[in-house]
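Scroll down for the structure; my scribbles are underneath it.
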Amino acid sequence: MAMKIYLRLEAPYEWARVNGNSVEAFGEVNALAEYPICDNEEVIGVVPGQFVTTHRISLPAKTKKQFNQALPYALEDSISEGVDNIHFICPKWKPADEVTVLCVAKERMRSWQSMATENRLPIAQLLPDYALLPFHEAAEGSICLSESGFIASRQNSGGVSIDPDLIDLWLMDIPLTTTIAVNNEDLTQSLIENHDNRDFRYWQFGDKMRHWLEYGFDSNIDLWGDTFRPKVRRGGNRPFLLPLVLMSFALITILAYDLHRYVALKSEINELENRMSDSLVDAIPDATGVSGGAARDFMEKVLQRGQNGQEASSVHSTLATASSVLGRMKATLLEMNYQNQELVLTCVLTDFSQVDVLTKQFNSRKSLVASLQGSSAEDGKVIATYSVRRKGV
């Protein structure tokens with residue numbers, strides 16, 4: 013069985029070498045270039061889950077190509093950026109099935125690609141950290157409280173990385189019958205007290221990557237895709253010269269492949285308008301007669317009628333964006349509520365000068381619209397309440 017080494021692309025630079033289901037060595041380094049990679053082992057990169065959102069979706073598509081064409085429009089209202097700026101990954105797709113889709117900003121993907129290339133890291137597979145969380149045989153979900161915050165995952169449903177104070181909103185989309193394992197005893201007790209209708213069980217599976225890998229791990233998730241996979245040569249991360257003939261052959265192969273892709277894509281673009289109607293009729297029988305510019309509008313209306321879980325995905329997207337603002341402002345969350353597609357947050361601030369600053373910080377995010385509902389002073393602290401919702405809602 014091939015040796016594997018898991019390494020983080022963001023600080024802290026933790027690594028773990030795995031042989032089968034056994035962690036043989038682990039540690040931390042000061043920089044990416046210092047990772048102890050061997051020539052014969054598979055390199056797997058791990059990135060923070062806070063940059064990777066997951067969505068459950070079902071589309072009326074008969075082929076993977078139809079699914080990929082419709083996917084951006086289906087998730088357009090559930091993500092915080094424009095679909096043109098998002099990299100979509102669907103690890104496991106079957107016709108008519110509800111599947112998990114992962115979304116990452118293309119800018120973030122290019123950043124990780126540059127890190128791997130510049131530090132000569134031959135990363136074959138890229139994973140969000142919550143994908144590594146183990147599952148107890150008696151539980152369907154796992155919650156991990158670590159130095160980086162709150163990480164959670166459900167079997168076959170993706171994961172999330174948000175502020176620990178917002179755990180209640182994550183639970184909104186989890187069935188009451190789901191058993192959830194928690195790695196922190198105090199957190200487990202708190203969850204049981206606040207949610208006596210749910211089944212939380214304490215299971216100390218650790219808060220480090222090396223702890224999770226001790227339970228065995230295998231995943232078909234790969235964030236790279238064909239677009240962002242770095243081209244890094246193996247060989248102990250030491251530069252070496254290739255014979256001139258091999259360099260020439262590689263260059264010709266790349267140019268030929270790029271030319272082939274260019275011709276193929278150009279041909280598809282030229283034919284897309286004519287083929288749209290046929291694709292719609294194959295996927296949606298009652299689309300007969302829809303053509304030209306009306307095809308996209310028709311597809312969007314059908315997806316809006318048939319899409320499941322859109323509101324929950326919108327909640328999580330709004331929640332993740334608002335959480336990052338609260339963390340940056342070092343504001344303490346006192347109370348939260350969600351109704352009528354609006355998130356109401358009551359926060360504790362250090363002084364009144366932060367009240368308007370926090371409102372501006374919320375509104376500086378492209379996907380949020382926020383307003384101050386009220387503020388007051390209690391016991392030397394400032395209490396402010398904000399309403400936050402997604403733009404366009």
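Numbering (the working numbering), first residue to last: 13 to 405.
Think of the CB as a built atom: it goes at the ideal place given N, C-alpha and C, for glycine as much as any other residue.
Check: Please classify A73: is it buried, with 16 or more other beta-carbons within 10 angstroms of its beta-carbon, or exposed?; Outcome: buried
Check: Return the residue from the list V64, I266, L19 and V55 that minimises the CA-CA distance to N42.; Outcome: L19
Check: How should S365 be labelled, buried or exposed, when 16 other C-beta atoms within 10 angstroms of its C-beta is the threshold for buried?; Outcome: exposed
Check: Could you name the residues of the same chain whose beta carbon sits closer than 7 Å to that of A389, not counting the 5 residues immediately before and after it, in chain order?; Outcome: none
Check: What's the C-alpha gap between I91 and F79?; Outcome: 18 Å
Check: If we ignore side chains and look at the alpha-carbon of each, how far apart do F374 and A268 end up?; Outcome: 48 Å
Check: Quick check on V369: buried or exposed, where buried means 16 or more other Cβ atoms within 10 Å of its Cβ?; Outcome: exposed
Check: From the DSSP output, in three-state form, read off S268 for me.; Outcome: The identity of residue 268 in the sequence shown is Ala, whereas the question assumes Ser. DSSP places A268 in helix when its eight states are reduced to three.
Check: Give a yes or no on whether the minimum CB-CB distance between A82 and chain C is below 8 Å.; Outcome: This model lacks chain C altogether, as it is built from one protein chain only.
Check: So K372 packs on E93, CB below 8 Å; how close in whole Å?; Outcome: At roughly 20 Å, the Cβ-Cβ gap does not stay under 8 Å, so K372 and E93 are not in contact.
Check: Measure the alpha-carbon distance for W182 versus R402 and round it to whole angstroms.; Outcome: 17 Å
Check: Does the segment 145-162 touch the segment 210-224, meaning 3 or more C-beta pairs lie closer than 8 Å?; Outcome: yes
Check: Please name the residue or residues paired with I155 in a DSSP beta bridge.; Outcome: A164 and V194
Check: Could you pull the DSSP bridge partners for G171 from this structure?; Outcome: S165
Check: Can you check whether the CB of W224 is closer than 8 Å to the CB of V194?; Outcome: no
Check: Contact between the segment 101-111 and the segment 339-359: three or more CB pairs below 8 Å?; Outcome: no
Check: Just verifying my parser: in three-state terms, what is the DSSP assignment at R122?; Outcome: helix
Check: Measuring only the C-alpha atoms, how far is F63 from N349?; Outcome: 24 Å
Check: So who's on the other strand from K393, going by DSSP bridges?; Outcome: E390
Check: By how many angstroms is the C-alpha of L380 removed from the C-alpha of D185?; Outcome: 21 Å
Check: Going by Cα to Cα distance, which pick from A332, S335, D238 and Y398 is closest to R273?; Outcome: D238
Check: Between G386 and T189, what straight-line distance do the alpha-carbon atoms span, to the nearest angstrom?; Outcome: 38 Å
Check: What is the C-beta distance between L139 and L235, in whole angstroms, given that I count them as a contact (C-beta under 8 Å)?; Outcome: 7 Å
Check: Would you tell me roughly how many angstroms separate the C-alpha atoms of G339 and A396, rounded to the nearest one?; Outcome: 16 Å
Check: CB L133 to CB Y47, shorter than 8 Å?; Outcome: yes
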